[in-house]
Structure formats: C-alpha cells, structure tokens
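Trainee: Residue numbers for the sequence shown, in the numbering used here: 502 to 793.
C-beta atoms are modelled at their ideal positions from N, C-alpha and C, and glycine is treated no differently.
Quick one: the structure is below, questions incoming.
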Amino acid sequence: MKIGFVGIGVMGKPMATNILKSGYELMCYNRTKDKISGILKKGALVSNSVEDLIKWSDTIIFMLTTPEVIESTLIKNIEDLDIYEGKIIINMGTISPSFSNKLKEDFSKYKASYIDAPVSGSKKPAEDGKLIILTSGNPTIVDSLNPLFRTMGNKITYCGEIPKASMTKLSINLLILHMMEGFSEMINFAKKGCIDLNSLFEIVLSGQVSNDLFKMKYKNYIDQEFPVQGSVKNGIKDLKLITETAKETGAYIPLTNLNHKMYLKAKELGYEEEDFSAIIKVLENSMQVLKC
502 MKIGFVGIGV
512 MGKPMATNIL
522 KSGYELMCYN
532 RTKDKISGIL
542 KKGALVSNSV
552 EDLIKWSDTI
562 IFMLTTPEVI
572 ESTLIKNIED
582 LDIYEGKIII
592 NMGTISPSFS
602 NKLKEDFSKY
612 KASYIDAPVS
622 GSKKPAEDGK
632 LIILTSGNPT
642 IVDSLNPLFR
652 TMGNKITYCG
662 EIPKASMTKL
672 SINLLILHMM
682 EGFSEMINFA
692 KKGCIDLNSL
702 FEIVLSGQVS
712 NDLFKMKYKN
722 YIDQEFPVQG
732 SVKNGIKDLK
742 LITETAKETG
752 AYIPLTNLNH
762 KMYLKAKELG
772 YEEEDFSAII
782 KVLENSMQVL
792 KC
C-alpha cells in the first residue's frame with residue numbers, strides 16, 4: 502500500500518514518521534517545506550505538488566487545519582479531479598460533522614472512498630504511536646485500514662457511519678478543554694490562598710480526580726513553561742467547531758460558550774501559539790495574584 506500524507510505539522514509529522522517506521526511506502530506533502538526535511542532524511546518521498554502525491558498514492562491521509570485549507574488543497578487547486586478515482590481518502594484532523602458529510606459527498610463524485618478517522622491525543626502520544634483513532638465510514642474499508650491505523654494509535658474505535666467519528670471527537674475535545682480550564686482555575690484559586698502547588702498536585706494526582714491529562718500538564722504550572730502539545734490556537738478552532746455544531750444540532754452548552762470566550766481572551770493576550778494549559782495566564786491577568 503502506497504500512503505500519501507498531506508500536512509506534516511505538530512501532529513502530522515510524528516504520525517507520518519510512525520507510518521514510515523512500520524514499513525509502508527510513504528510520500529509526504531506540506532506547504533511549508535522546511536517542516537518536511539526531517540522526515541525526508543528518514544526515507545520518506547516528498548512531493549512538490551498534491552496532484553503528484555495523489556497520482557502516486559493508493560491511500561491519502563490528510564491532517565489539515567480548516568475547511569478552507571482542506572478544500573483549497575485537495576479540491577479547488579486540483580486541475581483533474583478524476584485522479585481521485587479508486588483512491589481511499591482519510592481525514593485524521595478535527596473537523597465539523599457537517600463538513601465531514603460534505604467531504605463524503607464531494608469525494609463520492611470523484612469515485613473515491615472517504616473515511617473519517619480523527620485522532621484523540623496530543624504530540625507526545627502521536628510520537629509514541631499511542632493515539633486513539635476514531636473511525637467512521639464503510640466498515641469493510643475501515644477494517645482493511647486498521648493495520649495502517651495501528652502504526653499511529655493503540656486504540657481504534659469504530660463509531661459508525663459518517664460523520665459520527667467527527668461528532669465523537671468534538672464531544673471529547675469539549676470535555677478536555679473544560680478540564681484544562683477547570684484545572685487552571687483550581688490552581689489559580691489555590692495560589693490565592695498561598696497553597697504550595699507541589700502539595701496540591703500530590704493530593705490531586707493521587708485522588709479520584711487524577712487523570713492522564715493532569716499528570717501530563719501539572720509541571721507546566723510549576724515551571725511556568727508551556728511547551729506546546731496542543732495549542733491555544735487549536736483549542737479556539739475546536740471550540741468554534743463545537744459551538745457551531747451545537748447550534749446546528751440544538752445542543753445547549755452554556756459553559757462551553759463561556760470557555761470559548763476564555764480561549765479567545767488568551768489569543769487577545771498573545772498566548773495563541775502556547776500550549777492550551779497557558780489558559781491560566783488569562784486568569785492571572787484578570788485579577789492581581791496575591792504575593793505569598
């Protein structure tokens with residue numbers, strides 16, 4: 502199987518690297534060429550155009566940011582859309598359910614099979630090949646792709662017909678973004694009372710509320726450094742998708758709407774490119790921190 506991978510970013514690079522390590526033939530494309538040099542040195546082929554990558558590949562994975570970028574890269578800038586005939590096209594990024602449905606309709610016109618397979622996890626799980634991969638689409642095709650998915654993830658869950666994987670992914674991200682904001686509020690509240698963070702984390706991380714996310718992020722707050730695993734920018738993108746989908750489906754999500762405003766405030770304060778745990782800086786900027 503020849504795999505084409507479009508979008509070698511924070512998540513795409515380690516995912517593509519793990520595909521390559523597993524012995525698949527791999528060709529990559531990225532708009533920003535300097536991001537692709539590392540995987541080229543590891544043995545991947547690099548294409549100068551998406552069209553050449555599509556022609557070469559049996560299966561095309563894309564890990565792109567927005568509907569506009571996806572449509573521009575994969576549809577609008579392709580001169581001959583007939584090159585998609587017989588191909589399998591896999592979305593592994595976070596998109597809205599309605600846009601996933603649109604992609605299914607578009608690619609079916611070009612006689613290609615579209616599979617929705619967004620991943621849950623951040624940079625470190627991507628590097629370790631321990632992403633959770635949510636799949637939807639033709640179950641026979643999905644089953645045939647599971648060996649490929651297992652190069653990138655250690656848990657693959659079939660969610661049903663398109664767009665259920667994307668809806669599931671947004672549901673999970675809604676919770677994760679709340680968890681990070683709530684964790685930050687707890688820390689800011691405790692600091693107001695002059696509580697030692699090491700003691701606080703020892704209690705929290707050994708109790709009922711402990712989870713992998715908090716274990717991964719707590720050192721950020723101690724060191725006051727926020728290395729990017731999942732950015733504020735991506736959090737804003739996901740919250741926009743979530744709030745728009747809620748309007749489409751009639752879901753009432755009042756706390757999520759407030760959380761969206763918090764992340765937008767983080768962008769306004771200049772934290773857009775930092776890890777989403779940097780949301781605590783919004784809280785600290787909103788009120789003077791007590792000097793203990």
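State the DSSP-derived secondary structure class of I633, mapped to helix, strand or coil.
Mentor: Three-state DSSP puts I633 in a strand.
Trainee: For I504 versus L649, is the C-beta distance shorter than 9 angstroms?
Mentor: Yes, the pair counts as a contact, with Cβ atoms nearer than the cut-off.
Trainee: How long is the line joining the alpha carbons of K603 and A779, rounded to whole angstroms?
Mentor: Answer to the nearest angstrom: the Cα atoms are 34 angstroms apart.
Trainee: By Cβ distance below 8 angstroms, which residues in the same chain neighbour G661 in space, the five residues on each side in sequence not counted?
Mentor: Excluding sequence neighbours, G661 sits near S637.
Trainee: Since F684 and G731 should fall inside the 8 angstroms C-beta cutoff, what is the C-beta to C-beta distance between them, to a whole number of angstroms?
Mentor: The Cβ separation is near 14 angstroms, so there is no contact.
Trainee: For G654, which option in M668, L632, P640 and K670 has the closest C-alpha, if you only look at C-alpha atoms?
Mentor: Comparing Cα-Cα distances from G654 to each of M668, L632, P640 and K670, the minimum goes to L632.
Trainee: Between which residues of its own chain and P664 is the CB-CB distance below 7 angstroms, once the five residues before and five after are set aside?
Mentor: Taken in chain order, the residues that qualify are P598, S601, N602, D617 and S637.
Trainee: Between Y530 and L554, which are expected to be in contact by the criterion C-beta below 8 angstroms, what is the C-beta distance as a whole number of angstroms?
Mentor: With a Cβ gap of about 5 angstroms, Y530 and L554 count as contacting.
Trainee: V511 to E785, Cα distance in whole Å?
Mentor: Near 28 angstroms, if we compare the C-alpha coordinates of E785 and V511.
Trainee: Work out the CA separation of E552 and I579 for me, nearest whole Å.
Mentor: Taking the straight line from one Cα to the other gives about 6 angstroms.
Trainee: Three-state secondary structure (DSSP) at Y772?
Mentor: The answer is coil: DSSP assigns Y772 none of H, G, I, E or B.
Trainee: Curious, which full-length alpha helix (DSSP H) runs of at least 4 residues does the segment 603-678 contain?
Mentor: Segments of the alpha helix (DSSP H) lying fully in the segment 603-678: 624-629 and 640-650.
Trainee: Classify D739: buried if its beta carbon has 16 or more other beta carbons within 10 angstroms, exposed otherwise.
Mentor: Buried.
Trainee: Can you list, in chain order, the residues of its chain whose CB lies under 7 angstroms from that of L770, leaving out five sequence neighbours each side?
Mentor: Closer than 7 angstroms at the Cβ level, and outside the excluded window around L770, lie K782, V783 and N786.
Trainee: Tell me the residue span of the beta strand (DSSP E) that contains N592.
Mentor: Counting along the chain, the beta strand (DSSP E) containing N592 begins and ends at I589 to N592.
Trainee: Starting from M528 and walking both ways along the beta strand (DSSP E), at which residues does that stretch end?
Mentor: First-last of the beta strand (DSSP E) with M528: E526 to Y530.
Trainee: Would G539 be called buried (16 or more neighbouring beta carbons within 10 Å of its own) or exposed?
Mentor: Label assigned to G539: exposed.
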